[in-house]
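*Asks:* Protein chains in written order, with this note's numbering: chain S, 1168 to 1272; chain W, 416 to 1055; chain P, 251 to 446; chain H, 374 to 599.
We treat Cβ as the ideally placed atom computed from N, Cα and C, and that holds for glycine.
The structure's right below; bear with me while I get my questions together.
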Amino acid sequence: MSDSSQSAEHDIDIKKHVRIYIIVFVTLLALTLITVAVSYLHLSIVPAVTVALVIATVKASLVACYFMHLISEKKLIYISLSFTAVFFIALMFLPLWHMSDNLTH
Amino acid sequence: MRPRKERETPLEHVAAAEHHTHDHGHEEHLGFWRKYIFSVDHKVIGLQYGVTALLFLFFGFSLMMIMRWQLAHPGEPIAAVFFIAPMALIGVVVFFISGIKPSLSMLIGLLFLGMAGLVYYLTSGDERFPGGIMLPEFYNQLGAMHGTIMIFLGVVPLGVGAFGNFVVPLQIGAPDMAFPKLNMVSYWSYFVGGLTMLVSFFVPGGAANSGWTSYAPLSVIATTGQTMWIIGMVFLITSSLLGSVNFIVTIVQLRAKGLTFMRLPFFVWAQLVTSFLLLLAFPPLEAAAVLQLMDRVAGTSFFLPSGLVVSGQALQNAGGGSPILWQHLFWFLAHPEVYVLILPALGIVGEIIANNTRKPLWGYKSLVYSVIFLGFMSFIVWAHHMFLTGMGTTISTFFQTTTMIISIPSVIILTALIISLYGASIRFTVPMLFALAFLPMFGIGGLTGLPLGLAPPDIHLHDTYYVIGHFHYVVAPGTLFALFAGIYFWFPKIVGRTMNTRLGKIHFWGSFVAINFVFMPMFIQGLAGVSRRLYDGGQQYAHAQGVLYLNNVMSIAAWVLGAFQVVFIVNFFWSLKRGEKADTNPWHATTLDWQTPTPPPHGNFLHEPVVYRGPYEYSVPGKKSDYTPQNEPETSGQKA
Amino acid sequence: MQIPYTVTPRSDTGLFNGKLGIWLFLASEVMLFGALFSSYVLLRTGAPTWPRGWEELNIPLATLNTAILITSSVTMVMSWASLMMKDFNKFRRYMGSTILLAFGFLVVKAFEYGHKFELGHFPSTSNFFAVYFTMTGLHGLHVIGGIVVNSYLLGPGSKMWNTEPERFTNRVEIAGLYWHFVDLVWIFLFPSLYLL
Amino acid sequence: MHDLLGLPLDASTHGGDIDNMIVIVHWMMFILFIGWGAFFAYLLVRFRASKNPNADHDGVRSHMSSYVEGAIALFEVFLLIGFAFPLWAKRVNQFPAEKEAIIVRVVGEQYAWNVHYPGTDGVFGRTDVKLVTSENPLGLDRSDPFAKDDITTINQLNLPVGKPVIVRLSSKDVIHSFNLPLLRVKQDAIPGEVIRVWFQPTTTTAHIRETLTRTYSIAGGKAPAA
Ligand code: HEA
Ligand code: HEA
Ligand code: CUA
Ligand SMILES: [Cu+2]
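Set out below in structure tokens:
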């Protein structure tokens, strides 16, 4: 974003951005209310986790894509982050896998 | 953007260096503190890392000598003078070696004397050596701190902090690291971390004593030293994280014009992958350290299950934690960490082999891809350290398979390095000797990793000296030799003098023979079933009595090994002032680090270098000179 | 030679140094919090019983805090957008609000902690509280870090606007990326600790 | 090779398989090392600067090495599928039936192994951390009828020959290595977990004693075999 600085057309660009920020902001607040509302239903754990994580992921993606401009980032950053994502998944699930496949009696 | 300068041949650079009339000359007139202590110049920081790391290596080695004394003579009073006198002597010699005036040698001489004092402290006192006889608890401190110091304070700071800092910006034609101030913070964070580890010997109960692996619950119920260990680690991790961000950005962003990724010297590739390992593997250990700290000081139970009874007392904790969780988080770092130990070493060996065979590295592309693949895989093999924690068939199948897969790129790398010798014109310089020795030594270490990576043999070999033998072959005659090679190789670029060759050869042959006598017997003991971390060296093992005489062999070899290091230390300091003068490119090398004056000026290059070719254009057919620097324009040199 | 690409992007990567640097740093932060989440999941699935968040924690307060943090993310990005539109005064207003909101977050958090302590709930009470205090505590430290950086940019650091406006804008962008990440972590912490 | 490697006496039914695998892996390692080593040594001599003053820019042009690497990979697959997976499955999945086996509880602590036999009724008595004292390190509840005939020992694991044994392994304080090298058994004893290990001794105590120069105690994390 900051690469092409001065031009007038860029100003308009930024104004467009600002509109997006407001939309995202409102969406985030709405999603927060929804996820809190769902929590008051006291669902059992599996559906509760599913709903909460889906909503949280959507919210996080909105923040990352629009506030952090990830939606229009450079290739190098995508590469680094995809490695990170893979290792994150390994870190999340391999220990759990071990726990579900151990010799404890 | 910088103004484009005219192209110049490397020779003109050299000429310009003599006059030193450049506009940035004034920047060198910084005060003592800014120039040597809180420097932001990558070369100075690299040297700070180097000197600190070498001292820590030496200290880690001293701890090991005390341990080896105990293993060879369990239950006998220690002859402490035996360790202290040589260290003090080294201190005195180094102090005087460059005459009486404030200098690096004087400082280091004093530090050696300090170390001798520290060893005196450690080999006395009723908490450690009542009646001159070592307590088992103290042996455990020595073991844990030897491992920690060697890995986190010695080899990594030397391989990444020192060589990475000094060489990488030069090899990619950059004026400095991308974030010089951050670089300084990295070093000082490392320094504080190291100091914390040292100070921990003086707290009640002594230093950490739960192994470098700090397995819970032992580490959670251990004495205060463990808290110091955690705090020290947090500083070291911070240092590595900042450093790795810096390296990656530097390599990606500051490459000289024309220096595409596939023209990077192999060493730079190794550092790039290493940095990614540090960046993504260390944070989980940081998290684990925080959790362990909470367990120790806030009374939580992350790693403590319910119903613990320690020394007959039921532990008053909430329980419900998992000791295995610590191991997962620890090895998530520590396996990639072992590749952090080996990759810079491989990089150094690659540079030196290309230079001393006078031909390009064979299979450069396969080397690069293998290193990347190795780095990637190293994140998903970690639980091969945990086969005996109770693994079912599916999870052990996964980790055995990934472990076997990761050995393939290592084989490819080693093979490519060996095949590089084919058709060569090998110069047996001192750096080359160390680099060549690295290959079979790493081979032995790597090959003995295979039975460990297969779960059934690991039943017999786990926690025995076989494991100790395996990894010392990769880290000591492997990585350490590569680091020695690097020191001999880049010394002339740093100080403008070469190290003495005769002393270098004595150092090499002595170390090479001795070190094999230290580590080869470990395999024999391990196969016979002698466990590691035994303070009596296995005396109580009826089934292993036949191999216990080897304890003495190994200890004597370790002392001989130590004696040959004195040759190195003397050579090092002697050559600082009296070594043979070297010009800017004494090895006739092709990479950019050698195409700038010695020592490189502030900003590294007199003119922005431009790269025209791959890193190792040695013996190009039809060229007069047997090396073509990366920045030599295509037209010149072809005049023949 | 000067260090290149501190302000302008390098043509083949399209990035200036700081931008790549902060993303790498955030990648390491992902692994840091990833490890904590992994520990949390492991401990929780291994535990015979584990309280549901609403049984122990204050959802309305946390919802308020979520709103505060989201708002501060918007003001943060607006402060950067203001600089892009060359409106320094607007930048100061937005940046000031970001910092105030961050303080607001911490104040709410302090009330929450205080209340827990009054009830006798400490990190040592149970693994639920151990996880709760450790994760929110570490997140809180990140909030404090953000306050420090942002205050610097609002205060002494803002002088750079007069000398090197582009570089200053970059710095604000980088601080913003960090701050959004802190928000992002909270977006996951909030449901996993309070709502499940 | 078995003797060359100096593996200790094997006194269990499954130990042979493990030793076998160790031997096979080491054969592969030796062959690779000798092969590479010889090639390496040849190169060092053949291409020293005094013999070969001008280097060849390209060096090796063939792709022989890829085949060697492929062969190593194949051999590793063979090791995994032919030995490692089935052997491990036998160790951790194919337990003998509990009815036919001797079941023992072993609980580690600093610095002793507590052994708990269920007695003639074959059922372990109740244990409770609260009952742990220095005389009762396992916290066995003697009022439990099942506990009446239970036997406990310290640092002594007495087992008959020729009958499968299942050890239920745990620890009171920290992680210990339950290591019976002559039975090729090693397993971490982890507090908070009870891990099952099985084996079947094949050699009598007397024979083992003979081969040992000393009987050994288990304080350092060892238990005497048989
Ligand atoms: C630099 C460090 C380093 C390196 C590179 C390696 C490399 C490997 N390691 Fe090692 N390892 C450690 C350091 C290292 N390790 C440490 C420190 C420990 C112990 C930690 C502790 O418990 O305290 C350990 C422990 C360890 C274990 C756990 C053992 C146990 O506790 O029971 C295992 C198990 O799988 C293992 C496997 C491997 C494998 C398969 C490789 C492979 O990557 C190796 C691949 C290489 C090859 C296969 C070599 C190829 C050979 C040739 C091509 C022949 C060349 C010959 C000539 C030139 C003549 N290692
Ligand atoms: C990089 C890692 C590294 C290195 C290099 C070494 C090097 C050595 N190690 Fe160690 N070691 C470990 C990492 C390392 N070690 C780890 C992780 C453990 C496990 C700990 C645990 O159980 O938790 C261990 C454990 C360990 C044990 C087992 C202890 C036990 O289980 O009870 C033994 C036993 O002999 C041993 C010996 C040695 C020896 C003789 C060397 C020698 O090779 C040392 C040679 C050293 C030098 C040659 C350095 C010389 C320095 C200089 C010359 C500097 C000069 C200075 C200036 C110029 C200023 N080590
Ligand atoms: Cu128990 Cu070591
Ligand atoms: Cu490993």
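Name, please, each residue of chain P whose Cβ falls closer than 7 Å to the Cβ of residue 701 of chain W.
*Replies:* Correct list: 282.
*Asks:* In the DSSP assignment, what are the bridge partners of residue 549 of chain H?
*Replies:* Partner(s): H:562.
*Asks:* Quick check on the DSSP output: the alpha helix (DSSP H) that includes residue 975 of chain W runs from which residue to which?
*Replies:* Residues 964 to 993.
*Asks:* Taking all protein chains shown into account, decide if residue 349 of chain P is buried (16 or more other Cβ within 10 angstroms of its Cβ) or exposed.
*Replies:* With 16 or more other Cβ atoms within 10 Å, it is buried.
*Asks:* Identify which residue in P:314, P:343 and P:342 has its Cα closest to the Cα of residue 362 of chain P.
*Replies:* Measuring from the Cα of residue 362 of chain P, the nearest candidate turns out to be P:314.
*Asks:* Within a Cβ cutoff of 8 Å, which residues of the same chain sit near residue 944 of chain W, ignoring the five residues on either side of it in sequence?
*Replies:* Correct list, in chain order: 875, 879, 956, 958 and 959.
*Asks:* Please check if any C-beta of chain S sits within less than 8 Å of the C-beta of residue 904 of chain W.
*Replies:* Chain S contact via Cβ: absent.
*Asks:* Beta carbon of residue 413 of chain W: closer than 7 Å to some heavy atom of ligand 2?
*Replies:* Any property of residue 413 of chain W remains undetermined from this structure, which presents chain W solely from 416 to 1055.
*Asks:* Can you name the residues of chain P whose CB is closer than 7 Å to the CB of residue 660 of chain W?
*Replies:* What residue 660 of chain W touches in chain P: 271, 274 and 275.
*Asks:* At a Cβ threshold of 8 Å, is residue 869 of chain W touching chain S?
*Replies:* Output row for residue 869 of chain W: interface = no.
*Asks:* In three-state terms, what does DSSP make of residue 485 of chain W?
*Replies:* It is helical.
*Asks:* Hey, residue 1020 of chain W and residue 1006 of chain W: beta-carbon distance below 8 Å or not?
*Replies:* Taking 8 Å as the Cβ cut-off, residue 1020 of chain W and residue 1006 of chain W do not qualify as a contacting pair.
*Asks:* In whole angstroms, what is the alpha-carbon distance linking residue 543 of chain W and residue 563 of chain W?
*Replies:* Cα to Cα, the separation comes out at about 19 Å.
*Asks:* Would the beta-carbon of residue 800 of chain W be found less than 7 Å away from any heavy atom of ligand 4?
*Replies:* Yes; taking the cut-off as 7 Å, the Cβ of residue 800 of chain W has a heavy atom of ligand 4 nearer than that.
*Asks:* So, is the C-beta of residue 1208 of chain S closer than 8 Å to a C-beta in chain P?
*Replies:* Not one chain P Cβ lies under 8 Å of residue 1208 of chain S.
*Asks:* Quickly, what does DSSP pair residue 393 of chain H with across the bridge? List them, please.
*Replies:* None, per the DSSP bridge assignment.
*Asks:* For residue 1270 of chain S, return the contacting residues in chain H, with the cut-off set at a CB-CB distance below 7 Å.
*Replies:* Near residue 1270 of chain S (Cβ distances below 7 Å), the residues of chain H are 465, 568 and 569.
*Asks:* How long is the line joining the alpha carbons of residue 472 of chain H and residue 807 of chain W, rounded to whole angstroms?
*Replies:* Rounded to whole angstroms, residue 472 of chain H to residue 807 of chain W spans 22 Å at the Cα level.
*Asks:* Could you check how far apart the C-beta atoms of residue 442 of chain H and residue 786 of chain W are, in whole angstroms? I think they sit under 8 Å.
*Replies:* Not a contact, Cβ separation roughly 15 Å.
*Asks:* Does DSSP put residue 420 of chain W in a helix, a strand or coil?
*Replies:* For residue 420 of chain W, the predicted structure reports a pLDDT of 38, less than 50, and the residue's modelled location is therefore unreliable. A value from the coordinates is still provided. Coil.
*Asks:* Does any C-beta atom of chain W lie closer than 8 Å to the C-beta of residue 1192 of chain S?
*Replies:* Residue 1192 of chain S does not count as touching chain W.
*Asks:* Label residue 310 of chain P either buried or exposed according to how many other C-beta atoms from any shown protein chain fall within 10 Å of its C-beta, with 16 as the threshold for buried.
*Replies:* So residue 310 of chain P counts as exposed.
*Asks:* Under 8 Å between C-beta atoms, does residue 347 of chain P make it to chain S?
*Replies:* Not an interface residue.
*Asks:* Kindly indicate if chain H contains any beta-carbon less than 8 Å away from that of residue 1006 of chain W.
*Replies:* No, residue 1006 of chain W does not count as interfacial toward chain H.
*Asks:* Considering only residues of the same chain and omitting the five flanking positions on each side of residue 441 of chain W, which have a CB-CB separation below 8 Å?
*Replies:* Its pLDDT being 43, under 50, residue 441 of chain W is placed unreliably by the model, and the measurement read from it follows with that caveat. For residue 441 of chain W, where only same-chain residues beyond five positions count, there are no Cβ hits under 8 Å.
*Asks:* Quick check: what's the CA-CA separation for residue 493 of chain W versus residue 873 of chain W?
*Replies:* Roughly 35 Å between the two C-alpha positions.
*Asks:* State the DSSP-derived secondary structure class of residue 852 of chain W, mapped to helix, strand or coil.
*Replies:* Residue state, collapsed to three classes: helix.
*Asks:* Helix, strand or coil, according to DSSP, for residue 544 of chain W in the structure here?
*Replies:* Residue 544 of chain W falls in the coil class under three-state DSSP.
*Asks:* Taking the continuous alpha helix (DSSP H) assigned at residue 344 of chain P, which residues delimit it?
*Replies:* Looking at the DSSP string, the run of the alpha helix (DSSP H) that includes residue 344 of chain P is 338 to 368.
*Asks:* Between residue 498 of chain W and residue 459 of chain W, is the Cβ-Cβ spacing less than 8 Å?
*Replies:* The answer is no: Cβ separation not under 8 Å.
*Asks:* Please confirm whether residue 273 of chain P and residue 422 of chain P have their CB atoms less than 8 Å apart.
*Replies:* No, the Cβ-Cβ distance between residue 273 of chain P and residue 422 of chain P is not below 8 Å.
*Asks:* Runs of 4 residues minimum, wholly inside the segment 668 to 723 of chain W: which ones carry the alpha helix (DSSP H) assignment?
*Replies:* The qualifying runs are 681 to 708.
*Asks:* Candidates S:1233, S:1218 and S:1253: which alpha carbon is nearest residue 1186 of chain S's?
*Replies:* It is S:1233 whose Cα lies nearest to the Cα of residue 1186 of chain S.
*Asks:* For residue 806 of chain W, which beta-bridge partners are listed by DSSP?
*Replies:* S:1269.
*Asks:* Is it a yes or a no for the segment 970 to 981 of chain W touching the segment 919 to 931 of chain W, going by three-plus beta-carbon pairs under 8 Å?
*Replies:* Touching, per the Cβ criterion.
*Asks:* Residue 627 of chain W: beta carbon under 7 Å from a heavy atom of ligand 5?
*Replies:* Questions concerning ligand 5 fall outside what the structure shown contains, since the ligands it does hold are ligand 1, ligand 2, ligand 3 and ligand 4.
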